Amino acid sequence: MALLMIVDDDPMIRKMLVTAFKDKNYDVIDAPDGKTALRIFRDEDVDVVITDIIMPDMEGIETIRELRKIKPDVKIIAFSGGGTLAPDGYLKLASSMGAQYTFQKPVSIKELSKAVKDLLDS
Ligand SMILES: [Mg+2]
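Just so we're aligned, residue 2 is where the sequence shown starts under this note's numbering, counting upward by one.
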């Protein structure tokens, strides 16, 4: 089964997504920020990363760039509710760094799991 990693500084969102994807029989690990995510990522064979953008201790854009350096073919989904910029500003940056799918928050589990499935099938 594929291994997913959920990266978000909001514990409610992490918990919701971890539960939802475990229910769909994925293996799921989570991290509250980019630094922690990269540390885990070096030790685990993660197939798909779903990452928030605005986080303390390394935001999502830099995280995506580092993930790609470590594992060039990892699948990446970015999502954001915005910050100083509107969400689409961050999400465009995320795409340019190599996120294959981007979503504005709130995003439904249905949309996210369809993106995960598409990436794993590709
Ligand atoms: Mg955040």
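Glycine included, each C-beta is placed from N, C-alpha and C at the ideal position.
No experiment lies behind these values; they were computed from the predicted model shown.
Under the DSSP assignment, residue 122 falls in the alpha helix (DSSP H) whose first and last residues are 110-122.
A heavy atom of ligand 1 is found nearer than 6 Å to the CB of residue 55. In this structure, residue 88 keeps its C-beta atom at 7 Å or more from the C-beta atom of residue 101.
Ranked by how close their Cα comes to the Cα of residue 95, the residues 67, 109, 111 and 26 have 67 in first place. With a cut-off of 8 Å on Cβ pairs, the segment 69-89 is not in contact with the segment 16-33, counting fewer than three such pairs.
Every unbroken stretch of the alpha helix (DSSP H) spanning 4 or more residues and falling wholly within the segment 40-84 is given here in chain order: 61-71.
Partner residues in a beta bridge of residue 94, as assigned by DSSP, do not exist. Each residue's CA atom was taken as its position, placing residue 42 and residue 50 some 9 Å apart.
Bridge pairing for residue 29: 5 [DSSP].
Looking at the DSSP output, residue 103 bridges to 79.
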